[in-house]
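Colleague: Shown below is the structure under consideration.
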Amino acid sequence: MDRIPSAQRSANMRAITSKNTTPEMVVRKILHRLGFRYRLHAKELPGKPDIVFRRRKKAILVHGCYWHGHGCKRGGQGSKTNVAYWGPKISRNKERDAKAEAELRSSGWDVLVVWECEIAEVEERLTDFLGSRSASGA
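Going by my numbering, the first residue of the sequence shown is number 18, and it counts up by one from there.
Dropping the structure here:
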């Protein structure tokens, strides 16, 4: 049983966006502070990656643990209400993510997936993935 009334839960779910999420904004701020410049939500690429470095052919996907079905504490809990809807929905999201990532990689792109639960220690992963700031531009 949900502790939040149905109307309030619906309003909460409607307010959640797919772009410019809090985890995405944190990653973008770190990248900017490190001196990297990037493009956002490239519509022409599979899965519309959140952050794109065209000249480097690198894409960063920032995933919310719940919405993308991560196996961590936050993502692994699943929905307690309307399971018949949310279970298949999250499964479709995972399939879509895997397909988009595979298409990017087969097109010659390097892909880094950053999970919401990993945001606190993401800076080193970003610098390892991107290399030096001056290496062949943004």
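Idealized CB from N, CA, C, for every residue including glycine. The structure displayed is predicted, hence computed values, not measured ones.
(1) Around the Cβ of glycine 86, are there at least 16 other Cβ atoms within 10 angstroms (buried) or fewer (exposed)?
(2) Would DSSP call tryptophan 84 helix, strand or coil?
(3) Measure the alpha-carbon distance for arginine 113 versus glycine 52 and round it to whole angstroms.
(4) Given a cut-off of 9 Å on the beta-carbon distance, is the pair glycine 81 and glutamate 133 in contact?
(5) Going by Cα to Cα distance, which pick from Ile107, Ile77 and Val100 is closest to arginine 122?
(6) For a test of the three-state rule: what should DSSP assign to valine 69, helix, strand or coil?
(7) Straight-line CA distance for isoleucine 47 to arginine 54?
(8) Under a three-way DSSP split, which group does tryptophan 132 fall into?
(9) Determine whether the beta carbon atoms of valine 131 and leucine 147 lie at a separation below 9 Å.
(10) For a quick check, are the C-beta atoms of aspartate 67 and lysine 90 less than 9 Å apart?
(11) Assign alanine 59 to one of three DSSP states: helix, strand, or coil.
Modeller: On the basis of the coordinates in this document:
(1) buried
(2) coil
(3) 31 Å
(4) yes
(5) Ile77
(6) strand
(7) 11 Å
(8) strand
(9) no
(10) no
(11) coil
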